[in-house]
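Taking it in order: structure first as structure tokens, then the write-up.
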Amino acid sequence: MRRTSLSMLLVIFFSGNSYSVLDIDNVFKMIAKNSVKTLEFVETHSETLFTEEVTVTGRVSFSANGSMSKYIETPSRSEVHIVGDTLSLIDNKGVRSVSLDNYPILSSSINAVKWILLGEKNKISNNYSINYSLKGDYWTINLKPIKKQELLQVLSISIQGKDGNIDLITLLKANGSSVKTIFNSLKK
Amino acid sequence: MTSIYKNILFFVAVTISALYLHDNLIVVSNIEQFMPSNIQDKNVKILINQSQKGSFANTILVQISDSNERELSKLSRELKLNLEKKANIFDSVVNSLERDNFEDDILFKYRYLLHDSNFDIESLHVSFNQFLNSFTGNAPSEFIDYLLSDPQRVFIDYLSLNQPKASVMMKNGVWFLEDSALLMVKINRKSDLSQKDVAISIIKKEFTSINPNNAKLLLSGPSVVATESRINIKNTIQYVSVALSVVMFFVFVFVYRSPYLLILAAGTLLTAILIAMTLTQLIFSQIHGIALAFGITTLGVCLDYPLHIFSNTSATISAKTAVKKIFTPLKIGVLTSILAYSSLLGTGFDGFTQLAVFSIIGLLSAFIVSIYLVPEWMQGYKINKREVLTGRLLPLMPKILISLLIVLLPVSYLSYQDGLFDVDISQLNPASAESKKVDSKLRSALGVGEIGHIFLISNQNLDITLKKSHEVEQELTKLVDKNIIKDFTGVSSLLPSKKMQEQRLEGLPSKQTLQNNITLAISGLPFKKGAFDDFVSDVENVKTMPLLVQKDFEMSFMKNKLQSILFHQDDNWYSLIRVSGIKDVSLFNKKVDSSNILKNTYYSVTVEASNIMGAYLKETWFRLITMLALIFIAVLWFARTNKRRIWIFIPVISGVLISLSFQVFLGNSINIFHLLSLLLVVGLGFDYSLFFNYESTKSGVPSNSAHAVTISAITTIITFAILSFSDVSILSSIGQIVVVGVLSCFVISKFISTPTLTSVNRI
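Going down the list, the sequences are from chains A and B. Mapping of the first sequence onto the working numbering: residues 1 to 188, in sequence order. Mapping of the second sequence onto the working numbering: residues 1 to 763, in sequence order.
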């Protein structure tokens, strides 16, 4: 009898685990399938030591190769393009570019979103510990940097969505500030 | 003097020389010894010196290739990190212009004196808006922190104004040129030649340790080129020496049937080199590498002296008797060679004067050893040599016709050539053409070390130098605005004059004004009150600091940059302004001529150097021709009593002309090393011609002169033919000119200098 209970427990344990892996894979697959699009966004930077809360609005485009372009409309017009390892900021003063490879922490948070959109789960699991939860069609993926150096700056990145759509990304910084980005479909 | 005394004297001289050189020999390779010491314009000398030894002399350009971009950028980053740990060897290692520790640099606190800044409300508002864009545009947090102290980006603007204008691509955060990652490494400024070699080997070693795959490392830059050239020269000289030894061994064993004579010949040559080195070191306190290498090569003629003695010695004729027999032509041969090298004396080039002294001492030493010691060492030694017969004697008429042909033909060929002389100063650089090409490509891509068009300002007072530089730069700014030039790099933007710093200091707002302006400028923007307190206090602090001086750069990463354009030498301050991107050189020259301040400070290093080299070539030509004319007059004087001596001169002049024509025929311009090599041709040519002229007057009989000259010609031609295939342009120049010249002299001497076929000896 005890032997049967133990066997049952093992079956439930292993079947539960394999069921979970299958789910997260499905979520990644759905996101990757639906990654090429343009969305509206509202980004809220929480209060920092030197700024009040800042709300940024605009549009963001994701392309199949992982490139991202942000067209910021408020508080002032500017553009941010992330192509390969280069982040370029374009405003009325011209173009300024930085290489993400020279800024590993910035690169890490940008890459997290990029890898999710590209469905590259292995790259994410190599750099973050992954937790996720499911509620009907809704899902939340919580990423925590594995590297200590990154953890000193970024505590976690939370990505919430439904089916293959990302609705909200919350970046929690070690200094207590956060950046919340809500994505909406383009208004027709 | 008895034989024993002669030998003791020889032994003492050789031992003292060897001991002296062991303790005192200093071989230098500073190229300025081959720069004229008597240039009237001191600034030109400074510029040429800078072009050869400026701060770029310590720069190594590193190229990593043959892997994917990700791997190459990783290697570039790792190599940079590893080399930066060796701060005692490397001053700086740069693989991109991105930096995130600006505020750590000593110059950061001086930024409001270094660069213009505007503190009015509108300008501050624009800066704060830009700051906000960076903040909302995901700029790195390090950069956002930096902007709190320098929201106007004054220091960044200052740095970008003074960075090399690189035309390289940025890939994965590092420099790339085509498919290779690039780094720029500065070796410690005070490094000597051997320390530079160590630095180069460390770069190679560090790269090997981080390169698990097969990525390739290619180094370039003056110190790398110098090291490679030294290795190339050493290797070439080594294989030529081996080849010469093998050839000499076979010749001596085959012709003289005696390895002992080979030892005597080699001993004579080595003694000449040893004595020449000792006396040159004593006179000049050092020997230049080029003078040494070239001098040893030119002393090849010294081998002929013992050869003549060996060839004139036989089972019946002793060496002493042979010396007496050949003393006159041998003596004239030595004198003509000495006369040839003396044409290099007093030209104003210390290196060439050294070369002349070295060669003259070597020739005299070899002559003395040959006539006084070789016969002693050959006492009782019987030579059973293979005979060489006198060639066919020519009648007078064909001789005259051939002589006219071999002199006039090359003269007319040469006279129709344009741009006969190569006055490019880079010919002094022994690097291979391929190395120079790679070096030039990387320099151009990184915007470093370009020294074509320069404005040079000098004064004993630093501030006057800076003030004048500023005036020149103001004029050049007009040329930039008119799109005549693309850019210029000067000291004013890097180290402003006191006056400029004081003006900027006066323009700084009071603390209260700045705080008020900031409050108004951030209105409508989400910045907190006090966000820019560091910025305010930095502006306040600069008012209490002493003005920035040149010494403050010692601790800055801009130190090398400043040293490359502002330096102190011989109690004078020199400021260099480099111009780049000249769209139309003639228009640029016109504009320079129309402005007094530009005209008085402008130098084209290439033109100046070419003028000097051209003047030197002309002077050396003049000396060479004068020397040949003097010898011709001397020959005419000798010919008073013996008319056949008149023919001695023809092979020499013809050998020189044919050799030059051959170079031109190959498409080469005549450079200074061709000219120097001609001195060896003249020396050997006279030697051959003299001995053929002293030939027996009967055809088909054994000839001792033909014997010695033939052996000399064979060994010389084989050795220099090997040298002519060297990768080192200087050595191949020497090889080509000597092979053709000596071959011509030998063949012509054999037919022209030998006695004329007369009705008497025809019978």
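From the three backbone atoms N, C-alpha and C, an ideal C-beta is built for every residue, glycine too.
The straight-line gap separating the alpha-carbon atoms of residue 642/B and residue 649/B is approximately 14 Å.
Taking 7 Å as the cut-off, the Cβ atoms of residue 80/B and residue 62/B do not count as close. Note that the C-beta distance between residue 280/B and residue 357/B is below 7 Å. The alpha-carbon separation between residue 640/B and residue 677/B amounts to approximately 32 Å. When DSSP states are grouped into helix, strand and coil, residue 175/A belongs to the coil group. According to the DSSP assignment, residue 66/B belongs to no alpha helix (DSSP H), since it is labelled neither H nor E.
Per DSSP, the unbroken alpha helix (DSSP H) holding residue 230/B starts and ends at 222–251. Taking 7 Å as the cut-off, the Cβ atoms of residue 200/B and residue 174/B do not count as close. The continuous stretches of alpha helix (DSSP H) do not include residue 175/B, which lies in the beta strand (DSSP E) extending over residues 174–177. For residue 572/B, not one C-beta of chain A is nearer than 7 Å to its own C-beta. The CB of residue 73/B comes closer than 7 Å to the CB of 101 in chain A, given here in chain order.
Of all residues in the segment 501–535 of chain B, those with a C-beta nearer than 7 Å to a C-beta of chain A are 526, 527, 528 and 531, reading in chain order.
At a beta-carbon threshold of 7 Å, the residues of chain B lying near residue 91/A are 130 and 133, ordered along the chain.
Among the bridge pairs identified by DSSP, residue 79/A is matched with 71/A and 90/A. Note on residue 133/B: 16 or more other CB atoms within 10 angstroms of its CB, so buried under the neighbour-count rule. A Cβ of chain B is located within less than 7 Å of the beta carbon of residue 50/A. Annotated three-state conformation of residue 569/B is strand, per DSSP. The DSSP-derived three-state label of residue 122/A is helix. Under the three-state reduction of DSSP output, residue 23/A falls in the helix class.
The closest CA to that of residue 294/B, considering only 749/B, 733/B and 750/B, is found on 733/B. Counting the other CB atoms within 10 Å of its CB gives residue 8/B a total below 16, which places it among the exposed residues.
The distance from the Cβ of residue 149/B to that of residue 534/B is about 5 Å, consistent with a contact at the 8 Å cut-off. In the three-state scheme derived from DSSP, where H, G and I count as helix and E and B as strand, residue 281/B is classed as helix.
By DSSP's assignment, residue 457/B forms a beta bridge with 575/B. Within the segment 54–84 of chain A, those residues whose Cβ lies closer than 7 Å to any Cβ of chain B are, in chain order, 54, 56, 72, 75, 76, 78 and 80. In this structure the segment 374–394 of chain B touches the segment 302–315 of chain B; the number of beta carbon pairs closer than 8 Å is three or more. The beta carbon of residue 162/A is closer than 7 Å to those of 137 and 138 in its chain, skipping five residues each way along the sequence. Apart from the 5 residues on each side of it in sequence, residue 664/B sits with its Cβ closer than 8 Å to the Cβ of 413, 414, 417, 420 and 670 in its chain, given in chain order. The three-state secondary structure of residue 549/B, taken from DSSP, is coil. For residue 107/B, there is no enclosing beta strand (DSSP E), as DSSP gives it neither H nor E. Within its own chain, the residues whose Cβ lies closer than 7 Å to the Cβ of residue 602/B, once the five positions on either side in sequence are excluded, are 455 and 592, listed in chain order. Looking from the CA of residue 745/B, the closest CA among 559/B, 694/B, 735/B and 686/B belongs to 686/B. The contact set of residue 140/B on chain A, defined by CB atoms closer than 7 Å, consists of 98, 103 and 106 in chain order. Sixteen is the threshold: since fewer than 16 other Cβ atoms of the shown chains lie within 10 Å of the Cβ of residue 185/A, the residue is exposed. The beta carbon of residue 172/B sits closer than 7 Å to some beta carbon of chain A. Here residue 151/B has 127, 128, 131, 532 and 535 as same chain residues with Cβ atoms under 7 Å from its own Cβ, once five neighbours each way along the sequence are excluded.
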